[in-house]
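Heads up: the structure comes next, in structure tokens.
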Amino acid sequence: MACYLLFQMYSKGEGVEMNQGEAFRWDFRAAEAGLAISQSHVGNYFYKVRNYPRALSWFRRAAEQGDRDAECNLGIMHFYGHGVLANPEEGEKWILKAADRGDITAASMMGIIYAHQERYSEAMEYCRKAVDDRIAEYHIGCFYRYGLGILPDYSAAMEWFERSAQKEYSLAEFAIAQMFYEGHGVKRDLEKVKDLKKIESLGNARVAFALGTWYHLGFRVTKDEVKAQEYFMKAANLGDREAQYNVGFSRGRYIQDDTLAYKWFLEAANQGHADAAYSVGYMHQYGRGANQSYEEAEKWYLAAIDKGNVPAQ
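Residue 528 in the numbering used here sits at position 65 of the sequence shown; the count goes up by one each step and never skips.
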């Protein structure tokens, strides 16, 4: 298609001066004419600028024509509720379709989804399909480290963590530091554990949350609640829902700032955290940190029940 060829020329500077604006214009015209790969490109553009409704529309048009990237991205949007009500089942359907047709990102996603469902043999299968994907390699390391679906094998775990860490995946670097601390599969080396500070500085929410938990419990470090809350806040600001819930809990119970507590509970609840959804409902019911609204309270209690929170029932 001529429009797509012009997109390639302008995007790569082949025979013409490189011009990304002009490239997008021709890519968009190709998408409007029905070319699936261009529809997927346009979907990606709108997703990056957070225009989720338009991204969803373009991904769907491309996915229905069999574009694997679009199938995966459409699944991700349904799974996490970007531009549409969260529907993990619908999301999984599209991600699985892309994974079974060879999409590496989708295969990695399915591995993670199956791991969370404790379907570890299937999780391992799909992570192995995600050739050279650093997230999949990290999860394979976790399967070996903790004996999830297979016998524990620290040497194999370290091998997979190192493969992932070579691609600068901070959770894998964190796991390696933990194993050096514990002496699992390697000689115990406390010098390696000092790398935790470097890893945390990369800005990974889960690493920051893990360090917060360590300081909160006094696990492997001297117990320090001030440092724990610093790490929880960092993780919360980076989008970790468990950290957001913890920050909300501490702001409500210890600092007694209901407005801040509500803010963080709502952040976590919007990411599907069941206990946070219950807390948002409770605060609306009693007008603590939020407007009193029985309608809002009911909505969030139902959301909490749907996510498995027993007190909300």
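We put the beta carbon where it would ideally sit given N, CA and C, even for glycine.
Self-check item: Rounded straight-line distance, which links the Cα of Glu477 to that of Gln734
Solution: Whole-angstrom Cα-Cα distance: 43 Å.
Quiz item: Would you say Cys590 and Thr568 are within 7 Å of each other, going by their C-beta atoms?
Solution: Result no, Cβ atoms of Cys590 and Thr568 do not sit closer than 7 Å.
Exercise. Would you mind stating whether Ala533 and Ala525 have Cβ atoms separated by less than 7 Å?
Key: For Ala533 and Ala525, yes; Cβs fall inside 7 Å.
Self-check item: For Leu548, the three-state DSSP class (helix, strand or coil)
Solution: DSSP places Leu548 in coil when its eight states are reduced to three.
Practice problem: Check whether the Cβ atoms of Val505 and Ala494 lie closer than 7 Å to each other. | Solution: Yes, the Cβ-Cβ distance between Val505 and Ala494 is below 7 Å.
Quiz item: Just reading off the alpha helix (DSSP H) that Asp490 is part of, what are its end residues?
Solution: Segment 483-495, the alpha helix (DSSP H) holding Asp490.
Practice problem: Compare the C-alpha of Phe606 against each of Ala760, Asn507, Glu705, Glu588 and name the closest. | Solution: Of Ala760, Asn507, Glu705, Glu588, the residue nearest in Cα terms is Glu588.
Quiz prompt | Ala698 versus Pro615, Ala671, Arg492, Val710, residue with shortest Cα-Cα distance | solution = Taking only the C-alpha atoms, the option nearest Ala698 is Ala671.
Exercise. Consider the Cβ of Glu581: report whether some Cβ of chain B lies at a distance smaller than 7 Å.
Key: Absent from the structure is chain B; it holds one protein chain and no more.
Quiz prompt | alpha helix (DSSP H) segment containing Gly538, residue limits | solution = Run containing Gly538: 531-543, per the alpha helix (DSSP H) assignment.
Quiz item: In its own chain, which residues sit with a C-beta less than 7 Å from the C-beta of Gly546, not counting the 5 before and 5 after it?
Solution: So the list reads Tyr515, Pro516, Ala518, Leu519, Met540, once near-sequence residues are dropped.
Exercise. Please classify Gln692: is it buried, with 16 or more other beta-carbons within 10 angstroms of its beta-carbon, or exposed?
Key: Counting Cβ neighbours within 10 Å, Gln692 comes out buried, since at least 16 surround it.
Quiz item: For Gly610, which of Ala628, Tyr632, Ser627, Ala586 has the nearest alpha-carbon?
Solution: Here the closest residue by C-alpha is Ala586.
Practice problem: Between the Cα of Ser571 and those of Lys592, Ser633, Arg669, spot the shortest distance and give me the residue it belongs to. | Solution: Relative to Ser571, the option among Lys592, Ser633, Arg669 whose CA is nearest is Lys592.
Practice problem: Compute the distance between the beta-carbons of Arg704 and His736, then report whether it is under 7 Å. | Solution: Yes, these two residues count as a Cβ contact at 7 Å.
Practice problem: Figure out for me which residue from Asp721, Ala668, Tyr583, Gly574 has the closest Cα to the Cα of Val594. | Solution: Checked all of Asp721, Ala668, Tyr583, Gly574; the closest Cα to Val594 is Gly574.
Quiz item: Taking Cβ to Cβ, would you say Trp521 is nearer than 7 Å to Leu537?
Solution: Cβ atoms of Trp521 and Leu537: not closer than 7 Å.
Quiz item: What runs of the alpha helix (DSSP H), each 4 residues or longer, lie entirely inside the segment 720-747?
Solution: Correct list: 721-732.
Quiz item: Roughly how far, in whole angstroms, is the beta-carbon of Ala740 from the beta-carbon of Ala753, given that I think they are within contact range, below 8 Å?
Solution: That belief does not hold up - the Cβ atoms of Ala740 and Ala753 are roughly 13 Å apart, past 8 Å.
Quiz prompt | C-alpha distance - Gly565 paired with Ile768, whole-angstrom precision | solution = When rounded, the distance between both Cα atoms is 36 Å.
Practice problem: Tell me whether the beta-carbon of Ser584 lies closer than 7 Å to the beta-carbon of Gly612. | Solution: Closer than 7 Å, so yes.
Practice problem: State the CB to CB distance for the pair Arg608 and Ala620, rounded to an integer number of angstroms; the pair is presumed to be in contact (CB under 8 Å). | Solution: 4 Å between Cβ atoms; contact.
Self-check item: Identity of the residue in Asp563, Tyr694, His679, Phe695 nearest Glu688 by Cα
Solution: Relative to Glu688, the option among Asp563, Tyr694, His679, Phe695 whose CA is nearest is His679.
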